[in-house]
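**Student:** Protein chains in written order, with UniProt numbering: chain V, 1 to 311; chain Z, 1 to 443.
Beta carbons are placed, not taken as given, at the ideal position from N, Cα and C, and that holds for glycine.
All values derive from a computational prediction rather than experimental measurement.
1) Just verifying my parser: in three-state terms, what is the DSSP assignment at residue 396 of chain Z?
2) Who are the neighbours of residue 271 of chain Z on chain V, taking C-beta pairs under 8 Å?
3) Determine contact between the segment 332-340 of chain Z and the segment 409-427 of chain Z, defined as no fewer than three beta-carbon pairs at a distance below 8 Å.
4) Mind listing the chain V neighbours of residue 407 of chain Z? Cutoff is C-beta to C-beta under 9 Å, in chain order.
5) Residue 385 of chain V to residue 72 of chain V, Cα distance in whole Å?
6) Beta-carbon within less than 8 Å of residue 302 of chain V's beta-carbon, same chain only, minus the 5 sequence neighbours each way: which residues are those?
7) Under three-state DSSP, which class holds residue 207 of chain V?
8) Which bits of chain C does residue 71 of chain V rub up against, with CB to CB less than 8 Å?
9) Against chain Z, does residue 35 of chain V count as a neighbour if the rule is that its beta carbon must be under 7 Å from one of theirs?
10) Report yes if the C-beta distance between residue 245 of chain V and residue 98 of chain V is below 7 Å; otherwise report no.
11) Using the C-alpha atoms, what's the distance from residue 197 of chain Z back to residue 181 of chain V?
12) Per DSSP, what are the beta-bridge partners of residue 293 of chain Z in this structure?
13) Mapping DSSP to helix, strand and coil, what is residue 118 of chain V?
14) With H, G and I counted as helix, E and B as strand and the rest as coil, what does DSSP make of residue 133 of chain Z?
15) Return the chain-ordered list of same chain residues with a C-beta closer than 6 Å to the C-beta of residue 42 of chain Z, the five sequence neighbours on each side being excluded.
16) Just how far apart, CA to CA, sit residue 296 of chain V and residue 286 of chain V?
17) Only counting runs of 3 or more residues, tell me where the beta strand (DSSP E) segments fall wholly within the segment 307-351 of chain Z, in order along the chain.
18) What are the partner residues of residue 171 of chain Z, as DSSP defines its beta bridges?
19) Quick check on DSSP: helix, strand or coil for residue 174 of chain V?
20) Less than 8 Å between the CB atoms is what I'm expecting for residue 273 of chain V and residue 258 of chain V, so what's the real figure, rounded?
21) According to DSSP, simplified to helix, strand and coil, what is residue 89 of chain Z?
22) Distance, Cα to Cα, residue 279 of chain Z vs residue 170 of chain Z?
23) Is residue 321 of chain Z near residue 193 of chain Z, with beta carbons less than 7 Å apart?
24) In the structure shown, what three-state DSSP assignment does residue 107 of chain V receive?
25) Grab the span of the alpha helix (DSSP H) containing residue 218 of chain V for me, first residue to last.
26) Can you name the residues of chain V whose CB is closer than 9 Å to the CB of residue 240 of chain Z?
27) At what residues does the alpha helix (DSSP H) containing residue 205 of chain Z begin and finish?
28) Mapping the DSSP letters down to three states, classify residue 68 of chain Z as helix, strand or coil.
29) Using a 10 Å radius around the Cβ and a threshold of 16 neighbouring Cβ atoms, would you call residue 89 of chain V buried or exposed?
30) Is the segment 227-240 of chain Z touching the segment 395-402 of chain Z, taking contact as three or more C-beta pairs under 8 Å?
31) With 16 as the cutoff for other CB atoms within 10 Å, does residue 389 of chain Z come out buried or exposed?
32) Is it the case that the Cβ atoms of residue 74 of chain V and residue 266 of chain V are separated by a distance below 7 Å?
33) Of the choices Z/61, Z/221, Z/317, whose alpha-carbon is the least far from that of residue 91 of chain Z?
34) Classify residue 248 of chain Z as helix, strand or coil using the three-state DSSP reduction.
35) Under 7 Å, do residue 142 of chain V and residue 183 of chain V count as touching if we go by C-beta distance?
36) Which partner residues does residue 56 of chain Z have in the DSSP bridge list?
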């Protein structure tokens, strides 16, 4: 046993200097390595976040040097603000539609492009290009397409005799939000398509061969071979889509400015309006806090499922 | 046996720490991103430090592409005279919808401009009330601006008795039209009564021309039509009282104005889907021959007619007929403010004094200067000159997006939007407006 002890001690002896080094830093060593990143994190995320939380409890106008502490007054006002109700409804619609539609279209395109298709690289590029275009450019392009008098959409409808379907797409409450969602779907389809395409190529062909031998139809293969094989990709696509949906601001701001009236306001644009335009920074920050809390509540199940998966 | 080393127990907490830590850190990160997106400028609220004096000046403005070079040339001329280095940053095109936000962000970021251009009324007021803008009273005395600049314009940049801005332009809004399209409709000249204006609209529609090109994307453009209709139905005295909340909006004159507003849409006197149109796209349509006229100010001559290389002789302007006495049009002032934290307040004031000199105003082609002796040049801006001669001395009512704070103005735009879409009746719109204005007047 002594021999064994000596033999075990040898490698330990060679590691001694390292051990000493570890002792020098002690338990703080990992924190020292993390310090630069932590400083950036605290300065640019934690500090502004905490100060925002504080400002949500004040009546700060966003310009003056002074403000008063008002407790939870700003939060108490939220339920009686009619625009908040509109914004919450719009956020829900936006989240559901812009997660489901691009994901389904992206998956369908990925499956189509995974087969024997001519011009696959070009098609891939065509479908992915909108994702890399600047959002303001997309908003301008679609703004012109939607122009009620000269836009391509109404012109085409009139050309084929469907004059009755020509609408002021961005100029009426009933169509404005849906009209903004179309370009959002257009630009967000490419990313899931690429992820699914990569994931599809990782599913072993033998699984499909075995399923074919077992007499599985194409539809059964899709549900019992393809979909389970895409599970990790689903997580990534859904998580990123969810984050994207909560961040909605720019498309609305650039295309409708929250209008007509307040018909396309979402929580992000309403927060912006209050903080930056109405000089109600305290109230606007309270909206930001609420958005954040909802994002966390929705995000936790995903994070839990991911950690469970990892362990 | 005792020499055998003891193996330390496994760190059972490691795995649970990782999962919880990951969860916690992710949540914290999400919280951080969400909240930090809101008010990055919070830290600056307590900083009232004045910047150290240098010879550098920074001017923030919203000059359009057609005038920015003229402005920069005048800044260069000032620099040569004053020994300064002035940089100019411009944000053209968005109107009062976006520019004040960017200015506010710059001021809170601690890197605000020394001098900025701004509209008067409720758009400039928050900067004065928050003491971001310097009290310019000492400079009014030093440079004698009171005697050089139109008194009514100065009152448009005086907030709670404090002269926080120096107005250089006082703009009136009227109808700017394409002569060939009026001729096509058989209209011999501009209307002189409201009935004639409606008749002109009908004739234009009959020949396939959209009469009035306005866009409702930001609310303020299409508002120009409604405020005119309100002046027509309510008259000057009542209109002014409505704007201050001294009279109730829930009254027949307002209901009638809303009904007329809807009529303009229903009779196709406005472009299809006007509410969704960007003013920057639809306003110049009268120059392109797509609409007969728009409701705008003399800046359109440089911005739309001259920049499109069109002959001004093909266009004209008229004051929208109100059938009221005195005849008034919508108007507003614009001017310059000085950053209260500027280290160069004296030089900044010198710069403003340079800008409001008649020679500089002429060089800048200011179409409706507040400065005596700086009337627009009849050769380079014939239409602006004509407007100033015909209507420049007429009284004006405060343009409504300067009469109300931004929040109330947006609520008011929302009511206009509902009226045009038929989702509220004129009667309900008048009641809603009364709620909005009385809540503001009380607050």
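**Tutor:** Reading it off the structure:
1) strand
2) 148, 149
3) no
4) 273, 274, 277, 278, 279, 280
5) No information on residue 385 of chain V is available, as it lies outside the stretch 1 to 311 that chain V covers here.
6) 235, 238, 239, 242
7) helix
8) Looking at the structure shown, chain C is missing, and the protein chains on hand are V and Z.
9) no
10) yes
11) 40 Å
12) Z/177, Z/212
13) coil
14) strand
15) Residue placement at residue 42 of chain Z is flagged as unreliable, the pLDDT there being 38, under the threshold of 50; the coordinate-derived value follows with that caveat. Around residue 42 of chain Z: no qualifying Cβ.
16) 15 Å
17) 315-318, 329-338
18) Z/332
19) helix
20) 7 Å
21) strand
22) 21 Å
23) yes
24) helix
25) 218-221
26) The contacting residues do not exist; residue 240 of chain Z stays about 25 Å from chain V at best.
27) 194-206
28) helix
29) exposed
30) yes
31) exposed
32) no
33) Z/61
34) coil
35) yes
36) Z/85
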